[in-house]
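The structure appears below as structure tokens.
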Ligand SMILES: Cc1cc2nc3c(=O)[nH]c(=O)nc-3n(C[C@H](O)[C@H](O)[C@H](O)COP(=O)(O)OP(=O)(O)OC[C@H]3O[C@@H](n4cnc5c(N)ncnc54)[C@H](O)[C@@H]3O)c2cc1C
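In my numbering, the protein residues as written are 1 to 462.
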């Protein structure tokens with residue numbers, strides 16, 4: 001027993017020493033890259049810094065993974081300038097560390113701030129500026145922002161930022177009129193694996209194609225997007241139809257899904273079915289955005305998504321509600337397709353879910369008190385719902401949306417990433433575009449530096 005304790009203490013001190021040395025060495029490397037950098041202390045936070053925990057937790061939508069046993073980043077870097085991000089990439093490569101980049105931590109599976117192997121977290125919290133040019137109706141954005149005449153067809157949640165959001169495609173209520181956010185991107189600045197800043201011309205059309213829907217984290221760090229602003233029609237009817245189960249949800253969905261993809265494009269509709277149980281009365285009647293708002297109702301959740309090509313039968317829908325009644329806080333969000341989405345080819349961007357889809361379906365279960373037991377229970381529930389839905393949704397492949405990330409579909413294995421294994425989840429997100437993404441990845445990041453549990457793998461021949 002005494003021997004075991006000794007071994008344990010020894011191992012513990014070695015691991016502390018290693019991480020301490022790594023932090024020190026890494027900081028020295030950054031300092032060398034910066035030159036005589038004055039604000040050094042304001043952007044690099046070691047894990048023993050008093051601000052570290054606050055910073056780590058402040059930008060994350062789904063705190064279900066963060067507990068005392070979660071591996072944390074060695075350092076958090078909050079750059080104000082591009083050169084500081086370049087330095088972080090070069091130093092991470094030099095010391096064999098991984099990098100995680102976070103815009104606002106909305107990733108459904110926490111991939112922007114979690115990793116099993118030692119990593120550096122680059123938090124883009126300080127990079128937030130916009131330049132809007134109303135003359136040519138374009139804007140350069142670090143974050144999404146709206147003005148009164150012009151809009152942008154991105155997601156509806158005001159707290160989502162554009163780093164991961166646009167690079168995963170991004171859609172909201174303007175989808176049927178203008179397509180995805182990624183369809184309206186004109187240019188971008190990205191820091192590539194060599195630490196170089198490249199725009200569309202310098203990065204080439206292949207990489208520019210890949211970052212507009214293939215997920216930025218596989219290819220580099222996106223600094224900004226140039227977007228085409230769109231004009232909102234003078235008379236717009238926007239609906240969020242929310243039904244609780246007692247209010248005839250079957251009738252509503254049953255009728256709506258026959259016209260979902262055929263409505264006028266100036267009619268912006270999203271249907272939400274919710275059941276928020278007895279314990280959560282305070283959320284009843286609030287719009288979904290409030291329910292999801294990270295400051296008001298930050299809570300633990302798991303989500304999954306599907307695409308629907310044929311109307312779901314009433315019996316099928318009733319089966320969903322039966323399952324809803326067994327949970328406390330559940331949502332089903334339906335975004336109609338058709339319109340502009342029918343006119344864009346599947347290969348135009350990495351997002352292939354275009355013609356032939358009636359609507360996108362997102363299932364979401366939330367809970368307010370986290371524990372392994374609670375988490376397992378709710379996650380099991382949503383997995384069973386997903387299984388139940390199989391006959392009613394797209395197949396070959398059963399398609400899903402990258403921005404509603406779901407690690408249940410499969411993950412890369414650290415150290416032995418395989419293209420053929422990754423295809424299992426890759427074709428669900430990207431269909432035939434997955435191979436092209438792997439091709440781009442192999443060309444721009446042949447050593448697979450930018451990687452995570454669902455990053456695009458290299459092709460086998462590389
Ligand atoms: C409350 C809420 C509402 C949402 N509403 C919508 C919606 O209406 N429509 C929709 O399409 N989606 C929606 N989403 C999903 C959202 O688009 C994804 O979660 C998206 O990945 C969030 O991007 P982020 O940069 O905010 O998150 P982060 O967690 O910061 O990043 C997500 C992923 O992108 C990577 N990444 C982040 N920044 C960069 C960068 N600058 N360069 C390269 N990689 C980067 C991260 O490493 C991570 O892999 C919503 C999510 C939430 C939590």
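Glycine is no exception: its CB is placed at the ideal position from the N, C-alpha and C atoms.
Distance, residue j Cα to residue i Cα
i, j, result
"residue 100", "residue 353", "28 Å"
"residue 335", "residue 44", "41 Å"
"residue 294", "residue 302", "Unreliable positioning characterises residue 294 in this predicted model, as indicated by a pLDDT of 37, which lies under 50. A coordinate reading is not provided."
"residue 414", "residue 453", "8 Å"
"residue 33", "residue 85", "10 Å"
"residue 391", "residue 356", "17 Å"
"residue 394", "residue 267", "25 Å"
"residue 299", "residue 329", "11 Å"
"residue 366", "residue 136", "43 Å"
"residue 476", "residue 30", "There is no way to answer for residue 476, as the model of the chain reaches only from 1 to 462."
"residue 398", "residue 56", "35 Å"
"residue 375", "residue 199", "42 Å"
"residue 24", "residue 107", "30 Å"
"residue 65", "residue 388", "26 Å"
"residue 324", "residue 275", "7 Å"
"residue 444", "residue 263", "42 Å"
"residue 160", "residue 104", "Only weak support is given to the placement of residue 160: the predicted model assigns it a pLDDT of 48, under 50, and the value that follows is read from those uncertain coordinates. When rounded, the distance between both Cα atoms is 7 Å."
"residue 191", "residue 91", "14 Å"
"residue 189", "residue 225", "7 Å"
"residue 162", "residue 403", "12 Å"
"residue 442", "residue 94", "20 Å"
"residue 410", "residue 78", "31 Å"
"residue 257", "residue 181", "24 Å"
"residue 288", "residue 223", "The predicted position of residue 288 is uncertain, since its pLDDT is 43 and thus under 50; no value can be drawn from it."
"residue 243", "residue 417", "43 Å"
"residue 437", "residue 305", "21 Å"
"residue 434", "residue 102", "24 Å"
"residue 176", "residue 360", "12 Å"
"residue 363", "residue 384", "12 Å"
Those residues which DSSP pairs with residue i across a bridge
i, result
"residue 224", "189"
"residue 274", "244, 331"
"residue 210", "The partner list for residue 210 (beta bridge, DSSP) is empty, contrary to what the question assumes."
"residue 99", "120"
"residue 198", "190"
"residue 77", "44, 122"
"residue 239", "269"
"residue 336", "359"
Three-way DSSP call (helix, strand, coil) for residue i in this model
i, result
"residue 66", "coil"
"residue 409", "helix"
"residue 123", "strand"
"residue 443", "helix"
"residue 259", "helix"
"residue 267", "strand"
"residue 400", "coil"
"residue 315", "helix"
"residue 110", "coil"
"residue 174", "coil"
"residue 115", "coil"
"residue 61", "coil"
"residue 450", "coil"
"residue 254", "helix"
"residue 349", "coil"
"residue 180", "coil"
"residue 457", "coil"
"residue 323", "helix"
"residue 72", "coil"
"residue 487", "Any question about residue 487 goes unanswered here, given that the chain covers just 1 to 462."
"residue 24", "helix"
"residue 281", "Because residue 281 carries a pLDDT of 38, less than 50, the predicted location of this residue cannot be relied on, and the following value inherits that uncertainty. In the structure shown, residue 281 sits in a helix (DSSP, three-state: H, G or I)."
"residue 205", "helix"
Boundaries (first-last residue) of the beta strand (DSSP E) holding residue i
i, result
"residue 305", "300 to 308"
"residue 139", "138 to 141"
"residue 363", "359 to 367"
Span of the alpha helix (DSSP H) around residue i
i, result
"residue 45", "No alpha helix (DSSP H) holds residue 45; the beta strand (DSSP E) holding it covers 44 to 46."
"residue 382", "372 to 389"
"residue 84", "82 to 94"
"residue 54", "52 to 58"
"residue 423", "419 to 430"
"residue 165", "162 to 167"
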